[in-house]
Structures are given as structure tokens and as C-alpha cells.
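Going by this note's numbering, the sequence shown wraps up at 277, each residue one higher than the last. Ideal placement from N, C-alpha and C gives every residue a C-beta, glycine not left out. Here the structure is laid out as C-alpha cells; the discussion comes afterwards.
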Amino acid sequence: MIQICASLLAADYARLGEEVNRAEKAGVDSFHFDMMDGHYVQNLALTPDHMKALRSYSNLQFHAHLELDNPDDILFNFAAMQADTIIVQWNTLTDPLRIFEKIRSQNIRIGLGLTPDDALDTISRFFREIDLLLILGVYPGFGGQSIQPGTSEKIRSARKIVDQIDNRPDIAVDGGVKLENAADLVRAGADILIMGTALFQSSNMAETVKAVRESIVESQSH
Ligand code: DX5
Ligand code: ZN
């Protein structure tokens with residue numbers, strides 16, 4: 056079952072609670088919170104406090120995507136916010152196993168994010184330690200970018216590696232995902248489509264979610 060995860064970076068920040076309700080009603084499966092520090096990326100975005108404030112608006116899973124330089128320093132925040140998954144970026148980690156253990160010890164699922172420049176081969180030995188592999192389709196920092204060429208191929212390669220693992224992590228794709236490329240990304244091996252602009256800027260989010268699901272079914276029947 057393919058999941059559609061709504062990235063709140065693209066939501067209307069003046070009405071975040073309503074945006075969560077709107078997305079849930081439109082049929083999304085989970086929520087994605089980009090947390091940015093203005094240093095790892097040239098942007099600031101959501102914080103653990105936003106997650107905490109929005110927790111009562113939905114029972115769907117909340118993913119925190121830490122696009123920041125010091126994940127170690129802020130991890131303590133997340134158990135109380137009830138993050139279901141914490142995604143750390145590969146190129147911010149000094150000791151991957153130690154941070155995974157810290158996340159696991161809070162009963163939170165472990166996600167590992169790769170930028171378009173992070174090659175799979177050096178990192179794949181860690182895939183058996185994680186619950187979610189997030190492949191960024193764009194350079195992190197901003198919503199509304201076009202997906203980088205080569206993203207589908209990278210997902211296809213990741214799928215091959217992941218399928219050899221007993222407790223295989225889900226594969227998510229984040230950045231530049233839209234109706235026009237969703238089926239291709241799923242065909243390549245994505246389990247979770249993280250979508251910001253394509254959902255929140257669409258005139259009818261429920262129609263967009265439905266169209267994405269139909270495009271996937273349609274492409275699977277061929
Ligand atoms: C990029 C973020 C993405 C972003 C996706 O730094 O990690 O989650 O919100 O936004 P869209 O779907 O607009 O590309
Ligand atoms: Zn993200």
C-alpha cells in the first residue's frame with residue numbers, strides 16, 4: 056500500500072491546524088515536518104513546538120525531518136512531541152549508530168535522509184539499522200523545486216539493496232513529487248510519497264490525492 060505523506064512546509068502557516076485537518080480529510084496517510092536551522096540549509100522552517108501544537112489535530116503519523124546540523128543536540132525534544140519517526144540527514148551524522156540508538160531508545164522510528172549527492176554504496180551498510188530511507192529528490196532547503204534527474208534510478212538502486220534486508224526499511228521520496236511523476240517513483244520502488252507544494256497548492260487536495268492514487272493503480276496494471 057503506497058502512502059502519501061503531506062509535507063507541511065508548503066501549508067499556510069497562518070492556519071496550520073486547519074491545514075492538517077484539510078490534508079487528513081483529503082486522504083493523506085501521514086504528516087512530514089521539515090525542521091531547518093538556517094545553517095545546514097538556507098532556510099528556517101517548522102520546530103518541535105509546531106509538532107507539539109498540532110499533535111491534537113490528527114492521529115496520523117508525524118515524521119520529523121531534521122534538516123539541521125546538530126541533530127544530537129535536539130533529539131531530547133521529540134518523545135514528548137510524540138514524533139513517530141525522526142529522519143536525520145546522513146551528512147550531518149558523526150556517529151550514525153549512536154544517534155540511531157538514541158532515537159530507538161525513545162521508541163521512535165529511525166529515518167535516514169540522503170541528499171541527491173549522497174551515494175548509496177557507502178551508506179547502504181546502515182540500511183538494516185533503520186525503519187525509513189528518505190531519498191531527497193531535491194537539494195534540501197525549499198519546497199516547490201523540480202525533482203532532480205536520476206531520482207528514480209536512485210530509488211530503483213535503493214530498492215534492490217533494501218529488498219535483501221529482512222526487516223527492510225520503507226523507502227520515501229521527498230521533494231519535487233507531483234501527480235505527473237508519482238507513478239514513476241512508485242514503479243521505481245518508493246513506498247511513501249512525501250508531497251508539499253503539489254498537495255497544499257492544489258485547488259482541490261482531495262482530487263489530487265485521488266488522482267495520484269489512481270495514476271499508481273493505472274501504472275501497476277500495465
Ligand atoms: C525539502 C524538504 C521537503 C519539501 C518538499 O528540503 O525536505 O520535505 O517540503 O516540498 P515539495 O513537495 O514542495 O517539493
Ligand atoms: Zn523533508
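**Prompt:** Given LEU189, which residues of its chain have a CB within under 6 Å of its CB, disregarding the five upstream and five downstream residues?
**Reply:** By the criterion of a C-beta distance shorter than 6 Å, LEU189 is surrounded in its chain by ILE142, GLY166, GLY168, ALA227 and ASP229, once the five residues flanking it on both sides are discounted.
**Prompt:** Cβ-heavy atom distance between ASP139 and the ligand ZN below 7 Å?
**Reply:** ASP139 has its CB no nearer than 7 Å to any heavy atom of the ligand ZN.
**Item:** Close-in-space but distant-in-sequence residues of the same chain around PHE88 (CB under 7 Å, 5 per side omitted)
**Value:** Hits under 7 Å: LEU63, LEU101, HIS105, MET106, PHE117, HIS118, ALA119 and HIS120.
**Message:** Only counting the same chain, and skipping five residues up and downstream in sequence, which positions put a Cβ closer than 7 Å to that of ILE59?
**Reply:** Hits under 7 Å: VAL83, ASP84, LEU248, MET250, VAL264 and VAL267.
**Spatial distance of PHE197 from GLU208 (CA atoms)** = PHE197 and GLU208 have their C-alpha atoms some 23 Å from each other.
**Request:** Have a look at PHE86 and GLU269 and give me their C-alpha separation to the nearest angstrom.
**Result:** Taking the straight line from one Cα to the other gives about 21 Å.
**Message:** Contact defined as beta carbons within less than 8 Å: I believe VAL217 pairs with PHE181. What is the distance between those atoms, to the nearest angstrom?
**Reply:** Wrong, their Cβ atoms sit about 12 Å apart, outside the cutoff.
**Prompt:** Can you name the residues that DSSP bridges to GLU122?
**Reply:** Per DSSP, the beta bridge partners of GLU122 are MET91.
**Request:** Could you tell me whether the stretch 239-248 touches the stretch 65-79, using the rule of 3 or more Cβ pairs below 8 Å?
**Result:** Taking a cut-off of 8 Å for Cβ pairs, the stretch 239-248 and the stretch 65-79 do not touch, as fewer than three such pairs fall below it.
**Asked** Could you give the distance in angstroms between the alpha-carbon of GLN275 and the alpha-carbon of ASP128?
**Response** Near 43 Å, if we compare the C-alpha coordinates of ASP128 and GLN275.
**Message:** Would ASP173 and THR147 be called neighbours here (beta carbons separated by less than 8 Å)?
**Reply:** Not a contact, by the Cβ cut-off of 8 Å.
**Message:** Tell me whether ILE39, by its Cβ, gets closer than 7 Å to a heavy atom of the ligand ZN.
**Reply:** Residue 39 cannot be examined here, being either before or after the span of the chain that is shown, 56 to 277.
**Request:** Find out if the Cβ-Cβ distance for the pair LEU175, ALA134 is shorter than 8 Å.
**Result:** Their beta carbons are not under 8 Å apart, which means LEU175 does not touch ALA134 by this criterion.
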